[in-house]
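K.L.:
In the numbering used here, the protein residues as written are 77 to 185. Quick one: structure below, then a few questions.
Here it is in structure tokens:
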């Protein structure tokens with residue numbers, strides 16, 4: 077099974093040097109144990125652009141689709157044997173990055 081572990085923060089690029097070391101160690105553990113697919117940080121929502129081309133509308137809006145104080149600032153895409161294992165890994169990831177982490181199953185293959 078695959079899962080999205082969303083890192084929730086109120087700003088981007090906010091990790092301290094100690095947090096970055098802990099995140100690297102967590103990433104190494106994911107890789108060593110076969111859970112790793114990919115992990116990335118995501119830039120601030122203010123830098124986003126929303127494209128809506130349904131029915132050839134051609135709408136382009138600067139900024140995020142949702143205006144919130146907390147947002148996805150990064151994510152891990154992982155493999156786990158169960159929802160429970162994914163939640164256990166998210167618990168370790170939350171501790172490593174010192175942020176909330178939301179767990180969402182990936183649908184399909």
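Glycine included, C-beta positions come from ideal geometry on N, C-alpha and C. Please read these numbers as outputs of a predicted model, since none were measured by experiment.
DSSP three-state label for residue 135, please.
P.N.:
Residue 135: strand per DSSP, three-state reduction.
K.L.:
Taking 8 Å as the cut-off, decide whether the C-beta atoms of residue 183 and residue 111 are in contact.
P.N.:
Contact flag unset, no.
K.L.:
Given residue 116, which residues of its chain have a CB within under 8 Å of its CB, disregarding the five upstream and five downstream residues?
P.N.:
Contacts found: 150 and 151.
K.L.:
If we call anything under 8 Å between Cβ atoms a contact, is residue 186 one with residue 84?
P.N.:
One cannot answer for residue 186 here, as it falls past the ends of the chain, which runs 77 to 185.
K.L.:
Quick check on residue 141: does DSSP put it in helix, strand or coil?
P.N.:
Coil.
K.L.:
Residues in its own chain within less than 6 Å of residue 162 by CB, not counting five upstream and five downstream?
P.N.:
Here the set comprises 79, 156 and 179.
K.L.:
So, residue 118 versus residue 154, is the Cβ gap smaller than 8 Å?
P.N.:
No.
K.L.:
Looking only at its chain, what residues have a beta carbon closer than 7 Å to the beta carbon of residue 138, apart from the 5 residues adjacent to it on each side?
P.N.:
Closer than 7 Å at Cβ, skipping near neighbours: 125.
K.L.:
So what does DSSP say about residue 78, is it helix, strand or coil?
P.N.:
Strand at residue 78.
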